[in-house]
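Peer 1: Here it is: the structure, laid out below.
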Amino acid sequence: MEHRIEKNDEGVSPVIAVILMVAITVVLAAVLYVWAASFLEQGESAPIATFFVSQDSANIYHVEVIKVSKQEDLLGFSFFLKDGSGSTYVGSDGNGFGEVAMQFQGGEEHGIDMTYSGDDQQLKDRATNVTNDDGTDFPVHFSDNDRDGKLSSGDQFLVYGPDSGPAQDGWKLDIQFDATGDIIGSAKLL
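Using our numbering, read the sequence shown as starting at 369 and increasing by one per residue.
As structure tokens, this is what we get:
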């Protein structure tokens, strides 16, 4: 019995080539689709902020905004005073969680709740309470130095320390950009 090997190459090579070209095209199209879709789905990005912290003789921590990558309205931020264990401070009136005394245009200080009109008596009373506060009601005061209603360089937080407020060395002030939920900066108190 004689063994013979017969070769018949007709039709095999073109079929394999077509299958490989179709497979490569499908994979390449999928990669390009995912890559292009990633550009379209980029939502709002949070700014990044840096701070300088100092403490005066009255144990008030001065947290100055040094740089902000992009300016956003102050109402788009939340401010959290956290103790040494990382827990958010909540004062007797609940004023540690996002309740920050803020100074806006016109030189008057206002609470973070900006739902009142400028002529509202409640707002004026609240502004007087904040202005007269020594840190016992509002542990953090904010001053918008350029009066533009945005978080920007030169703005300053006053965090009241052991003499008149709750803050202590090792606590920190976190600033959160509400649109994304990202902490854009954190200032550790000395």
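Ideal Cβ placement from N, Cα and C applies to all residues, glycine included. Computed from a predicted structure; not experimentally measured.
#1: Are at least three pairs of beta-carbons, each pair with one atom in the region 421-440 and one in the region 523-534, less than 8 Å apart?
#2: Return the chain-ordered list of same chain residues with a C-beta closer than 7 Å to the C-beta of N540, the five sequence neighbours on each side being excluded.
#3: Here's the rule: buried if 16 or more other CB atoms are within 10 angstroms of the residue's CB, otherwise exposed. What is V394?
#4: Closer than 6 Å by C-beta to T418: which residues in its own chain qualify, once you throw out the five before and the five after it? Chain order, please.
#5: Give me the Cβ distance between T548 and E440, rounded to the nearest whole Å; I'm assuming they're in contact under 8 Å.
#6: Report the partner residues of V508 according to the DSSP bridge assignment.
#7: Give the C-beta separation of I416 and S437 to the nearest angstrom, bearing in mind that I take them to be a contact with Cβ-Cβ under 8 Å.
#8: Would you grab the beta carbon distance between F448 and Q544 for me? Rounded to a whole angstrom, and I think it's under 8 Å.
#9: Buried or exposed, going by whether 16 or more other CB atoms sit within 10 Å of the CB of D523?
#10: Which first and last residues belong to the beta strand (DSSP E) in which Y429 is found?
#11: For A555, which three-state DSSP category applies?
Peer 2: With the structure as the only source:
#1: yes
#2: First, the amino acid is wrong: residue 540 is Lys here, not Asn. Excluding sequence neighbours, K540 sits near K450, S554, A555, K556 and L557.
#3: exposed
#4: I434 and K435
#5: Going by Cβ atoms, the distance from T548 to E440 rounds to 11 Å, so no, they are not a contact pair.
#6: V527
#7: 4 Å
#8: 7 Å
#9: buried
#10: I428 to V436
#11: strand
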